[in-house]
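In what follows, a structure is listed as structure tokens, so that the remarks can point back to it.
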Ligand SMILES: Cc1cc2nc3c(=O)[nH]c(=O)nc-3n(C[C@H](O)[C@H](O)[C@H](O)COP(=O)(O)OP(=O)(O)OC[C@H]3O[C@@H](n4cnc5c(N)ncnc54)[C@H](O)[C@@H]3O)c2cc1C
Ligand SMILES: *[C@@H]1O[C@H](CO)[C@@H](O)[C@H](O)[C@H]1NC(C)=O
Ligand SMILES: *[C@@H]1O[C@H](CO)[C@@H](O)[C@H](O)[C@H]1NC(C)=O
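Numbering (this note's numbering), first residue to last: 10 to 393.
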């Protein structure tokens, strides 16, 4: 059994940030990752045209800025280069192909006991650590809703995490399920590549431009009340987009920044999708009622045939599958019970980073808090 001070599970932005913050205190750690690369979500499960929606100064990992000549909204390939530089700069060496399968707290030894599988040769590795940092992300399992008759659909069904480009769908009839950022961007990409595209919209949502959100974040930084900032954003959005309700897009009562702060739900950043919806190139449909063969029936009794369904229906946390004793830190969905910003600490040296629904800015904040807390705890232990 390997004795370690801190075990970090996951080498995405959260795990890497935590590693960097710990190394500032010279606290030894081991970081394990089930895939064979860092930031695997970004490498393997995002589409090629992805860009950060938030300006770069709000998306930095701790202790390292983006290059000054980097664009304001960082494209996927630049983000990956930044993360590579980050790992090199802090000399982070994750143990790849290593999937954590169970963690339990051993009261007698006052340590976390971790079992991980080496995915290449199947051996089980065991670790005993004083501190355990959950950094497996909000996006570790693809979420596909249960829909009656989905098994009978003869065409292709994919999750947004496997979607790469609209090139593969020219002339096809495609239904995008889910109207978050991924759904909106994929629908746009499909339509401009000449797919006959529909998107389902179920609940009220804010449609914004990235520049508007940026303006809002800057104003909020100057301590202008969110309610007032939201009012400005909604007026500007109305001037930009007009009334979208006739296309099935209804605004929530609460403003976009307040909604994000209260619930973690983000506004959708328009990349041109609304223009295509107005032109009729993308058809908005309601929620699906059921599927019969290639025929999809909607709750409003309309029906249409599709070749492909893309599920942009989000992700789930996988923590409950391997963390056998979460010390009350998490709920049934494997997400923190406590609200942001009090969500990152459990009991007995257990922490989570990147589960606060606050994007990369939240990741950086969590990692700093967790490393500081581990540092303080170690100081206190050596003092006693
Ligand atoms: C399409 C898309 C676009 C996004 N755009 C933005 C954006 O513009 N701005 C923003 O701030 N955020 C964005 N996000 C959110 C994104 O999740 C975060 O930016 C960031 O990737 C979160 O980092 P993380 O380390 O917490 O999680 P992840 O990046 O998901 O990393 C978790 C890692 O843990 C590993 N892991 C999981 N389970 C185990 C296990 N049992 N054992 C070992 N390893 C395991 C995974 O393989 C993964 O590498 C986007 C997400 C998606 C899907
Ligand atoms: C991880 O596994 C992949 C595929 O099995 C292999 O190609 C790669 O070399 C492995 N990486 C490490 C660091 O073991
Ligand atoms: C399995 O691979 C790991 C490295 O990934 C190595 O440390 C270990 O010795 C290997 N076990 C066997 C039985 O080959």
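Backbone N, C-alpha and C fix where the C-beta goes; we use that ideal spot for every residue, glycine too.
So residue i is in the beta strand (DSSP E); what residue range does that whole segment cover?
{"i": "residue 136", "result": "133-143"}
{"i": "residue 90", "result": "Note, residue 90: premise wrong, no beta strand (DSSP E); alpha helix (DSSP H) at 85-98."}
{"i": "residue 292", "result": "291-294"}
{"i": "residue 168", "result": "165-168"}
{"i": "residue 125", "result": "120-127"}
{"i": "residue 304", "result": "304-307"}
{"i": "residue 298", "result": "297-301"}
{"i": "residue 111", "result": "107-115"}
{"i": "residue 317", "result": "317-320"}
{"i": "residue 359", "result": "359-361"}
Could you compute how far the alpha carbon of residue i sits from the alpha carbon of residue j?
{"i": "residue 277", "j": "residue 142", "result": "31 Å"}
{"i": "residue 333", "j": "residue 283", "result": "45 Å"}
{"i": "residue 35", "j": "residue 386", "result": "14 Å"}
{"i": "residue 83", "j": "residue 393", "result": "47 Å"}
{"i": "residue 75", "j": "residue 31", "result": "21 Å"}
{"i": "residue 308", "j": "residue 298", "result": "5 Å"}
{"i": "residue 213", "j": "residue 368", "result": "21 Å"}
{"i": "residue 198", "j": "residue 92", "result": "26 Å"}
{"i": "residue 400", "j": "residue 77", "result": "A question about residue 400 goes unanswered here, because the residues of the chain that appear run from 10 up to 393."}
{"i": "residue 244", "j": "residue 342", "result": "36 Å"}
{"i": "residue 13", "j": "residue 95", "result": "23 Å"}
{"i": "residue 69", "j": "residue 362", "result": "15 Å"}
{"i": "residue 380", "j": "residue 122", "result": "20 Å"}
{"i": "residue 112", "j": "residue 356", "result": "14 Å"}
{"i": "residue 211", "j": "residue 188", "result": "8 Å"}
{"i": "residue 117", "j": "residue 360", "result": "20 Å"}
{"i": "residue 104", "j": "residue 88", "result": "22 Å"}
{"i": "residue 152", "j": "residue 162", "result": "18 Å"}
{"i": "residue 167", "j": "residue 300", "result": "16 Å"}
Measure the Cβ-Cβ separation of residue i and residue j and say whether it is below 8 Å.
{"i": "residue 256", "j": "residue 286", "result": "yes"}
{"i": "residue 317", "j": "residue 164", "result": "yes"}
{"i": "residue 145", "j": "residue 18", "result": "yes"}
{"i": "residue 296", "j": "residue 209", "result": "yes"}
{"i": "residue 98", "j": "residue 73", "result": "yes"}
{"i": "residue 266", "j": "residue 221", "result": "no"}
{"i": "residue 225", "j": "residue 253", "result": "no"}
{"i": "residue 185", "j": "residue 192", "result": "yes"}
{"i": "residue 294", "j": "residue 171", "result": "no"}
Which residues bound the alpha helix (DSSP H) around residue i?
{"i": "residue 353", "result": "Where residue 353 is concerned, there is no enclosing alpha helix (DSSP H), given that its DSSP letter is neither H nor E."}
{"i": "residue 30", "result": "22-33"}
{"i": "residue 388", "result": "368-392"}
{"i": "residue 282", "result": "282-288"}
{"i": "residue 328", "result": "328-331"}
{"i": "residue 268", "result": "265-272"}
### Secondary structure, beta strand (DSSP E): runs of 3+ residues fully inside the region 175-249
182-186, 205-209, all fully within the region 175-249.
Under 8 Å: do the region 370-384 and the region 12-27 share three or more Cβ pairs, one atom per stretch? Counting Cβ pairs under 8 Å, three or more are found: they touch.
- Query: Per the contact definition of three or more C-beta pairs closer than 8 Å, is the region 345-358 in contact with the region 41-55?
  - Reply: no
* Asked: Would you say the region 116-136 touches the region 50-69, given that touching needs at least three Cβ pairs under 8 Å?
  -> no
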